[in-house]
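Number of protein chains: 2
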Amino acid sequence: MKTYKGYLIDLDGTMYRGTEPIQEAVEFVKKLKDRGIPYLFVTNNSSKTQEQVAAHLQNFDVPAEPDQVFTTSLATASVISREMPGASAYVIGGDGIRQALGDKGITIKDEDPDYVIVGLDREITYEKLALGCLAVRNGAKFISTNGDIAIPTERGLLPGNGSLTSIITVSTQTEPLFIGKPEAVIMEQALNVLGLPKEDVVMVGDNYDTDIKAGFNTGMDTLMVHTGVSPKSLLLEKEQQPTYSIDSLSEWEF
Amino acid sequence: MKTYKGYLIDLDGTMYRGTEPIQEAVEFVKKLKDRGIPYLFVTNNSSKTQEQVAAHLQNFDVPAEPDQVFTTSLATASVISREMPGASAYVIGGDGIRQALGDKGITIKDEDPDYVIVGLDREITYEKLALGCLAVRNGAKFISTNGDIAIPTERGLLPGNGSLTSIITVSTQTEPLFIGKPEAVIMEQALNVLGLPKEDVVMVGDNYDTDIKAGFNTGMDTLMVHTGVSPKSLLLEKEQQPTYSIDSLSEWEF
Numbered sequence: 055m056k057t058y059k060g061y062l063i064d065l066d067g068t069m070y071r072g073t074e075p076i077q078e079a080v081e082f083v084k085k086l087k088d089r090g091i092p093y094l095f096v097t098n099n100s101s102k103t104q105e106q107v108a109a110h111l112q113n114f115d116v117p118a119e120p121d122q123v124f125t126t127s128l129a130t131a132s133v134i135s136r137e138m139p140g141a142s143a144y145v146i147g148g149d150g151i152r153q154a155l156g157d158k159g160i161t162i163k164d165e166d167p168d169y170v171i172v173g174l175d176r177e178i179t180y181e182k183l184a185l186g187c188l189a190v191r192n193g194a195k196f197i198s199t200n201g202d203i204a205i206p207t208e209r210g211l212l213p214g215n216g217s218l219t220s221i222i223t224v225s226t227q228t229e230p231l232f233i234g235k236p237e238a239v240i241m242e243q244a245l246n247v248l249g250l251p252k253e254d255v256v257m258v259g260d261n262y263d264t265d266i267k268a269g270f271n272t273g274m275d276t277l278m279v280h281t282g283v284s285p286k287s288l289l290l291e292k293e294q295q296p297t298y299s300i301d302s303l304s305e306w307e308f
Numbered sequence: 055m056k057t058y059k060g061y062l063i064d065l066d067g068t069m070y071r072g073t074e075p076i077q078e079a080v081e082f083v084k085k086l087k088d089r090g091i092p093y094l095f096v097t098n099n100s101s102k103t104q105e106q107v108a109a110h111l112q113n114f115d116v117p118a119e120p121d122q123v124f125t126t127s128l129a130t131a132s133v134i135s136r137e138m139p140g141a142s143a144y145v146i147g148g149d150g151i152r153q154a155l156g157d158k159g160i161t162i163k164d165e166d167p168d169y170v171i172v173g174l175d176r177e178i179t180y181e182k183l184a185l186g187c188l189a190v191r192n193g194a195k196f197i198s199t200n201g202d203i204a205i206p207t208e209r210g211l212l213p214g215n216g217s218l219t220s221i222i223t224v225s226t227q228t229e230p231l232f233i234g235k236p237e238a239v240i241m242e243q244a245l246n247v248l249g250l251p252k253e254d255v256v257m258v259g260d261n262y263d264t265d266i267k268a269g270f271n272t273g274m275d276t277l278m279v280h281t282g283v284s285p286k287s288l289l290l291e292k293e294q295q296p297t298y299s300i301d302s303l304s305e306w307e308f
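Put into structure tokens, the structure is as follows:
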């Protein structure tokens, strides 16, 4: 087994399931910390800030500082600030995306924005969607923090950001730029933050369609752990296989 | 020019534009009434009742009784009551769809419904969408009153019912049954109401993608009038042409 100099780690289904920590994953991260191996949590959650995500992890006894969290909101803000410094954006979404954009000097406004950004918004309204559609039809660039079609909850699978995004896609007949996993955009930026070349880093996650494909799309090694949405049997029907596949992170040897 | 025994007539872009009546269309309908030729207004609007639509037309001096209005809500309720008498439905949408379902004895409920119905709802919330997704994943039949991607307004093109519907389509990966124009479902029911065979009836409308295609899909003659969304030039790029195409309904000879 190859020795990796750094780890990118998914959250939901890998570190915890809803409100329950996955104990083997907590121990896994503690070992990384003890050995001084750099790691970064990479999440498609756009609504929470780095501080909120780190606090959630610390609550499960996971060693996690805010700067060890990389969200699709941070990736989105970086993409925009590189592409158009001083840009403005109309935003559908929560605290995380608003704070990330503000930190990069991006102005948030409702009319004539340079960008329309859609992140998961549980306070979605017709008026918010209308403003998004009008701006995209008016020429604003269209970005979605991630294409997740559903969110696992205690109640079942609820609408994810990819499905909310589709309203504007269908109505304006304009495809967005997706930032989150499985896109390479978020991964390349996470590697930059980690400061390591992709050959030295492994992507750890439970979801074949987001985490593992994100590794494929970035040309990275992948470690799939079957504690979340994708059972081992799913791999039988897949052409492209993760580099490693294990039932629990307690099996991993550093 | 063939003599038709009945007329199916679109509303927005044909009878009026937003709050402005199209005077030539008003005169056209008055002539139909004077000559005793049966006509029915066929609309993809699911949120208004027959009474509300008729009152709107009467306000423009158009001779229109409630039973001369056929909405996609009425068509939806008929489809369900034939397919499963005594069915229950979870509904996203306004007064029109709720009243139409109630009139056919369909129970409206949030959990474990037989059907999920999506009509345009300007009070859309994440919770409404969540309930729709959960029910469809739980096996409820999925119906959308129409697939219109956008609604023309003074502010520009706002999200239509087809784009709202896409949230549930994308999240559950389940395609709905669409009822409204350009589907034949609503047209065949409208012909039933009119009590005439399709060979004796012409479909009148301004929108190539809904009204005229509805005629094609039903095997009816079509009269396209360029007072709304589809200019004459659009026809140059279309393989299938309407039976007639005129700039104003004042040109029509009975």
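Which chain is which? The protein sequence lines are A and B, in order. My numbering numbers the first residue of the first sequence as 55 and each following residue consecutively. My numbering numbers the first residue of the second sequence as 55 and each following residue consecutively. All C-beta atoms in this analysis are idealised placements derived from N, C-alpha and C, irrespective of residue type, glycine included. Keep in mind the model is a prediction, meaning the values are calculated, not measured.
Anything in chain B within Cβ reach of residue i, meaning under 9 Å, just list it in chain order.
i              : result
residue 209(A) : 184 and 188
Within its chain, find whatever has a CB closer than 8 Å to the CB of residue i; leave out the 5 residues flanking it on each side and keep chain order.
i              : result
residue 244(B) : 62, 94, 96, 124 and 129
residue 255(B) : 58, 59, 60, 61, 62, 245, 248, 274 and 275
residue 233(B) : 126, 129, 130, 133, 197, 198, 199, 200, 239 and 240
residue 307(A) : 55
residue 211(A) : 204 and 205
residue 251(B) : 245
residue 119(A) : 108
Would you mind reading off the limits of the beta strand (DSSP E) that contains residue i?
i              : result
residue 186(B) : Taken as a continuous stretch (DSSP letters only), residue 186(B) belongs to no beta strand (DSSP E), being part of the alpha helix (DSSP H) at 180 to 191.
residue 141(B) : That residue, residue 141(B), is in no beta strand (DSSP E); it is neither H nor E in DSSP.
residue 62(B)  : 60 to 63
residue 256(A) : 255 to 259
residue 94(A)  : 93 to 97
residue 298(A) : 298 to 300
Go ahead and pull the three-state DSSP assignment for residue i.
i              : result
residue 78(B)  : helix
residue 156(A) : helix
residue 169(B) : strand
residue 211(B) : strand
residue 126(B) : helix
residue 206(A) : strand
residue 146(A) : strand
residue 132(B) : helix
residue 151(A) : helix
residue 101(B) : coil
residue 89(A)  : helix
residue 57(A)  : coil
residue 164(A) : coil
residue 231(B) : strand
residue 175(A) : coil
residue 66(A)  : strand
Nearest to residue i by CA position, among the options, is which residue?
i              : options                           : result
residue 101(A) : 214(A), 60(A), 56(A) and 223(A)   : 214(A)
residue 121(B) : 136(B), 188(B), 113(B) and 105(B) : 105(B)
residue 175(A) : 193(A), 185(A) and 149(A)         : 149(A)
residue 144(A) : 198(A), 206(A) and 279(A)         : 198(A)
residue 228(B) : 259(B), 170(B), 261(B) and 181(B) : 170(B)
residue 168(B) : 181(B), 151(B), 190(B) and 158(B) : 190(B)
residue 239(B) : 259(B), 264(B), 223(B) and 272(B) : 272(B)
residue 103(B) : 82(B), 114(B), 157(B) and 178(B)  : 157(B)
residue 159(B) : 151(B), 225(B) and 72(B)          : 151(B)
residue 172(B) : 138(B), 141(B), 217(B) and 290(B) : 217(B)
Who are the neighbours of residue i on chain A, taking C-beta pairs under 7 Å?
i              : result
residue 176(B) : 180
residue 204(B) : 225
Could you give the residue range of the alpha helix (DSSP H) that holds residue i?
i              : result
residue 267(A) : 267 to 272
residue 194(A) : Per DSSP, residue 194(A) belongs to no alpha helix (DSSP H) and is neither H nor E.
residue 224(A) : 215 to 226
residue 241(A) : 238 to 248
residue 279(A) : Not the alpha helix (DSSP H): residue 279(A) falls in the beta strand (DSSP E), residues 275 to 279.
So which residues of chain A does residue i contact, with C-beta pairs closer than 9 Å?
i              : result
residue 212(B) : 180, 183, 184, 187, 188 and 225
residue 216(B) : 224 and 225
Once the 5 residues before and after residue i are set aside, which same chain residues still bring their CB inside 7 Å of it?
i              : result
residue 88(B)  : none
residue 84(B)  : 117
residue 70(A)  : 76 and 114
residue 294(A) : 270
Against residue i, what residues of chain B qualify as contacts under a CB-to-CB distance less than 8 Å, listed in chain order?
i              : result
residue 221(A) : 213, 217, 218, 220 and 221
residue 191(A) : 210 and 211
Just to confirm my understanding: we take residue i, look at its own chain, exclude 5 residues before and 5 after, and list those with CB closer than 6 Å. What are they?
i              : result
residue 302(B) : 78
residue 221(B) : 183
residue 277(B) : 256, 258 and 298
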